[in-house]
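Counting in the working numbering, the sequence shown runs from 170 upward without gaps.
To keep things clear, I will list the structure first and then write my remarks on it.
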Amino acid sequence: MPVLDKFNMVSQGAAGNLCWACVGWSVARYYDNRAGVPPRWSTLCEYVMKAADFLDGISPESTRCCDGERLLDPDCNQSRILPDAFRVSSNQGSVRESALSFQEIKTEIDAGRPVGVEVESSSAGSRAIAIYGYDDSESQKVMVGDPAPDAPDGALIPYDELCSGYRHSDATWNHSYLTVP
């Protein structure tokens with residue numbers, strides 16, 4: 170079963186709007202680790218401050234997201250989209266407004282590239298997750314990294330479930346974000 174060994178999904182904990190940052194930072198750390206270089210950001214709050222600076226021109230000193238519990242404050246705990254996260258770390262590849270086929274997932278994972286995924290649900294909103302492995306020994310399954318605090322770490326789920334019904338019956342995989350080192 171091919172799995173990206175150095176990939177580790179970071180939990181968003183109580184910061185409910187930061188799934189985009191958790192996926193982006195996890196992908197950035199994976200590529201940094203794979204390249205044998207120190208991580209560019211030591212903490213999630215540093216990554217979020219870099220995003221505010223890079224995307225909005227807000228200086229890291231003014232947001233101070235790393236001070237105490239500030240990461241939970243509205244000026245730090247902001248919703249964004251996954252391409253924003255990948256632009257911050259320069260890991261954005263191409264974007265697809267659909268799910269990838271299982272074969273396309275295999276191609277990305279075999280090449281050592283995690284895949285960013287946006288899942289949309291009318292009952293739960295938009296969610297950013299990552300695919301970092303697959304199993305095709307008996308059926309088509311994918312290894313999912315989900316930063317939600319109640320998500321299992323490294324869940325191996327049926328590919329069809331990720332396409333439709335992931336964690337919510339009305340959820341659909343609506344965007345795919347290929348990544349680059």
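Where is the CB? At the ideal position from N, CA and C, for every residue including glycine.
Requested in this report: Please state if the CB of Ala-293 and the CB of His-344 are separated by a distance shorter than 8 Å.
Outcome: Not closer than 8 Å, so no.
Query raised in the report: What whole-angstrom Cβ distance do Ile-300 and Met-312 have, given they're in contact under 8 Å?
Result: Indeed, because the Cβ distance is near 7 Å, the residues count as touching under 8 Å.
Requested in this report: With a threshold of 7 Å, establish whether the CB of His-337 neighbours any heavy atom of the ligand ATP.
Outcome: Within the structure as shown, the ligand ATP is missing, as the structure has no ligands at all.
Report task. Tell me whether the beta-carbon of Met-170 lies closer than 8 Å to the beta-carbon of Asp-315. Result -> Cβ distance not < 8 Å, so Met-170 and Asp-315 don't count as in contact.
Query raised in the report: Along the chain, which unbroken stretches of the alpha helix (DSSP H) at least 4 residues long are found entirely within the region 194-257?
Result: 213-225 and 229-232, all fully within the region 194-257.
**Report entry** CA-to-CA distance, Ser-258 to Ala-183, given in whole angstroms
**Finding:** Using only the alpha carbons, I get a separation of about 23 Å.
**Report entry** Residue from Ser-267, Ala-204, Pro-350 and Asp-319 whose Cα sits closest to the Cα of Ser-331
**Finding:** One point to set straight first is that residue 331 is Leu, not Ser, in the sequence displayed. For Leu-331, the nearest C-alpha among the options comes from Ser-267.
Report task. Take the Cβ of Tyr-284 as the centre, count every other Cβ of all protein chains shown within 10 Å, and call the residue buried at 16 or more, exposed below. Result -> In the sequence under discussion, the amino acid at residue 284 is Val, which differs from the Tyr named in the question. The residue in question, Val-284, is buried, as its Cβ has 16 or more Cβ neighbours within 10 Å.
Query raised in the report: Can you tell me where the alpha helix (DSSP H) with Lys-175 in it begins and where it stops?
Result: Boundaries for Lys-175: no alpha helix (DSSP H) harbours it, and the DSSP string shows neither H nor E there.
Query raised in the report: Taking the C-alpha atoms as reference points, what is the distance between Leu-325 and Arg-282?
Result: Note on geometry: alpha-carbon atoms of Leu-325 and Arg-282 lie some 17 Å from one another.
Query raised in the report: Should Glu-287 be labelled buried (16 or more other beta-carbon atoms within 10 Å of its own) or exposed?
Result: Per the 10 Å Cβ criterion, buried.
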